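*Asks:*
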Amino acid sequence: MSDLNSTFREKLLTRFSEAGDPDTAKYQQSYMKTDMPFWGVKTPQTRKIVSSLIKESRIESPEEWVSLMDFIWTNASRREEWYASIEIFNHAKFRKWILPEHMDFVEKMVVEGAWWEIIDPIATHGVHQMLINQPLETSVILRDWAQSTNIWKRRTAILTQLLSKEKMDWNMQLEIMEHSLVEKEFFLQKAIGWVLRQYSRTNPQRVEDYISQNEQRLSSLAKREGMKWILKNRP
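Residue numbers 7 to 241, in the numbering used here, belong to the letters of the sequence shown in order.
#1: How many Å lie between E191 and D215 at the Cα?
#2: For the alpha helix (DSSP H) holding R53, just list the boundary residues, first then last.
#3: Do A197 and I164 count as a contact pair if the criterion is CB distance below 7 Å?
#4: In whole angstroms, what separates the C-alpha of R21 from that of D110?
#5: Measure the alpha-carbon distance for Q219 versus M178 and round it to whole angstroms.
#6: Taking only runs that begin and end inside the segment 174 to 234, name each unbroken alpha helix (DSSP H) of 4 or more residues, in chain order.
#7: Using the Cα positions of R85 and F44, report the straight-line distance between them to the nearest angstrom.
#8: Below 8 Å on the Cβ atoms is my contact criterion, and I expect R207 with E231 to pass it. Report the Cβ-Cβ distance as a whole number of Å.
#9: So, I92 versus P127, is the Cβ gap smaller than 7 Å?
#10: G119 lies in the alpha helix (DSSP H); which residues open and close that run?
#11: Kindly indicate the opening and closing residues of the alpha helix (DSSP H) around D150.
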């Protein structure tokens, strides 16, 4: 165990303990439908705590960065510690380090986290940045994940381009969604609809055409979500 890892975690737990609220913790655990307890620290405060600790710490290499995230994640006893690991992964300071070579750790978080509030920020921020940094290598992994038997790996692949706007690789997105199009799993259909709705703000005609062409295959949920912004803003 490195001094960096142990010191960072010790400070993290101290600050979570000081900031936590028992009533909030009970509500959070119930809302997330998890057996894992919470400290009772809300998301904005969690981000503030983690960001301040990053500023205080000397994380000088990708190896130290991954080691710290893995240490925090693996030793987590409460949910916010998982969130802290995700915040370190997504932090702008380490943006250039988010590369496909670290996908094994991302897979660990996705498979073990196995719930939407864990997967979504990983996909839409960290893995999205990975796709920007190394598009060819990352797209190969995402295409593989899109065919996984694990729904959370699939959801990660579907949501990675959520915030891409005009830089969306539409052909890749179609290929990734295709593998889950007729699946009945709620979290996959919701993800498809969410991506379509978000992209419709950039290219409404393309999204509407896609939904029309796949009318019989898309779920009602995906169609409803995908058309929401278009219908709301139609003259």
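Note that beta-carbon positions come from the ideal geometry of N, C-alpha and C, so glycine has one too. Keep in mind it's a predicted model, so treat the numbers as computed, not measured.
*Replies:* In terms of the structure at hand:
#1: 24 Å
#2: T49 to E62
#3: yes
#4: 29 Å
#5: 17 Å
#6: 176 to 184, 192 to 206 and 210 to 219
#7: 5 Å
#8: Going by Cβ atoms, the distance from R207 to E231 rounds to 13 Å, so no, they are not a contact pair.
#9: yes
#10: M109 to G119
#11: P141 to W151
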